[in-house]
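Okay, structure first, notes after.
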Amino acid sequence: MLQSNFLQFLHNFQSCWLPSVTRNEVVDGCVYEASDVLRAVVGGAENGLQITLYPDIVHTILSRNPSAQVRRTVYVENCAQYRANLRTLAELALQRTKMARIQGYATYTESTLATELAQCPSNVVGLLEKLNATVLSDLRTFVRTTFQKPHRFPQTLFQWFQPVTEGDGALHPWDVPYYVQQLQHTLSTAATVPRELEVEYFSLRTLLEILQHICKHFFDIELRQGQPMVKPYAVRPSAHDGVSQWELRRTGDGQIFGTIYLDLLPRPHKTQNAATFTLVNGRLIPLWDLLHDIHSTTQ
Numbered sequence: 001m002l003q004s005n006f007l008q009f010l011h012n013f014q015s016c017w018l019p020s021v022t023r024n025e026v027v028d029g030c031v032y033e034a035s036d037v038l039r040a041v042v043g044g045a046e047n048g049l050q051i052t053l054y055p056d057i058v059h060t061i062l063s064r065n066p067s068a069q070v071r072r073t074v075y076v077e078n079c080a081q082y083r084a085n086l087r088t089l090a091e092l093a094l095q096r097t098k099m100a101r102i103q104g105y106a107t108y109t110e111s112t113l114a115t116e117l118a119q120c121p122s123n124v125v126g127l128l129e130k131l132n133a134t135v136l137s138d139l140r141t142f143v144r145t146t147f148q149k150p151h152r153f154p155q156t157l158f159q160w161f162q163p164v165t166e167g168d169g170a171l172h173p174w175d176v177p178y179y180v181q182q183l184q185h186t187l188s189t190a191a192t193v194p195r196e197l198e199v200e201y202f203s204l205r206t207l208l209e210i211l212q213h214i215c216k217h218f219f220d221i222e223l224r225q226g227q228p229m230v231k232p233y234a235v236r237p238s239a240h241d242g243v244s245q246w247e248l249r250r251t252g253d254g255q256i257f258g259t260i261y262l263d264l265l266p267r268p269h270k271t272q273n274a275a276t277f278t279l280v281n282g283r284l285i286p287l288w289d290l291l292h293d294i295h296s297t298t299q
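For the sequence shown, full-length UniProt numbering assigns the number 1 to the initial residue and increments by one for each residue that follows.
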């Protein structure tokens, strides 16, 4: 009864508030009516309900509908290559279970419902220490070099880094946010700090190494830098000189299953919370290629 009422609500909502789609989509010379492309049938072709697959409606169904069958149908129809997506979902569930077991939980669901990050903190300390060692090595080098050149950096900052340079130089993961915040505050208030010192501390190489480490150990993904971005109007996509292209590869077979673009270098008019670069000369994928089963042996 609850499912029926929910579907009826969606039907009424669609009829009353969603505008009728009359715009046509042109893909590689073929015309498709948008209303035909963006609809899914839930409950069977004869007595089912057509749901327009707008992002807000899909999100509402996936997050609130109690029926697993309805949620699965809407999700699969919303993803064009559904068989490939189901395989990816299975692999994602496996990796989430693996991460949950590292945290000390039997399943991913158990870790999600838990009130603590890790049931057994000792399970994750090893990984944190590895990440900490990578950062600490560069931090020690930076601080000791800076001590030798006090005129290049504010003297008031040295007291915050004394635990790093004295004794064993122990710097725990819970100390890092404090030191980073203090450094950022000093850099923002001291006009005499050269830009190269700030870049030296927040080393891009170190950040990328940490990102690669997390991708490999948590998700079995190898993050490998791809070919350099080319100039505009070339065969391959291009962007600003500071944008780098990275390939996502499976660690097992090396298969490339995705590409990401990192825009990490400073640039005029660049914002911190949005992508401000444009990919030039991207390729429009035909609709048939999206709907075609990529694992089929017949054409």
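Each residue gets a CB set at the ideal place from its N, CA and C atoms; glycine is no exception.
Residue i, buried or exposed, once every other Cβ within 10 Å from all chains shown has been counted against 16
i: residue 260; result: exposed
i: residue 111; result: buried
Straight-line Cα distance separating residue j from residue i
i: residue 108; j: residue 268; result: 43 Å
i: residue 89; j: residue 101; result: 18 Å
i: residue 55; j: residue 61; result: 10 Å
i: residue 298; j: residue 266; result: Confidence at residue 298 is low in this model, with a pLDDT of 41, below 50, so its placement is unreliable and the value that follows should be read with caution. Taking the straight line from one Cα to the other gives about 49 Å.
i: residue 243; j: residue 225; result: 11 Å
i: residue 69; j: residue 207; result: 42 Å
i: residue 241; j: residue 209; result: 21 Å
i: residue 252; j: residue 76; result: 27 Å
i: residue 99; j: residue 115; result: 16 Å
i: residue 97; j: residue 270; result: 38 Å
i: residue 113; j: residue 106; result: 12 Å
Beta-carbon separation (whole angstroms), residue i vs residue j, contact threshold 8 Å
i: residue 264; j: residue 204; result: 6 Å
Cβ neighbours of residue i in the same chain (closer than 6 Å, five flanking residues each side left out)
i: residue 256; result: 247 and 249
i: residue 215; result: 221 and 223
i: residue 95; result: 219
i: residue 258; result: 248
i: residue 93; result: none
Contact set for residue i: own chain, Cβ-Cβ below 7 Å, skip 5 residues either direction
i: residue 375; result: Residue 375 lies beyond the stretch modelled for the chain, which goes from 1 to 299, so this question has no answer here.
i: residue 71; result: 61, 62 and 65
Residue from the options whose Cα sits closest to the Cα of residue i
i: residue 91; options: 129, 218 and 245; result: 218
i: residue 262; options: 245, 270 and 63; result: 245
Spatial neighbours of residue i in its chain, beta-carbon cut-off 8 Å, leaving aside the 5 residues before and after
i: residue 254; result: 222
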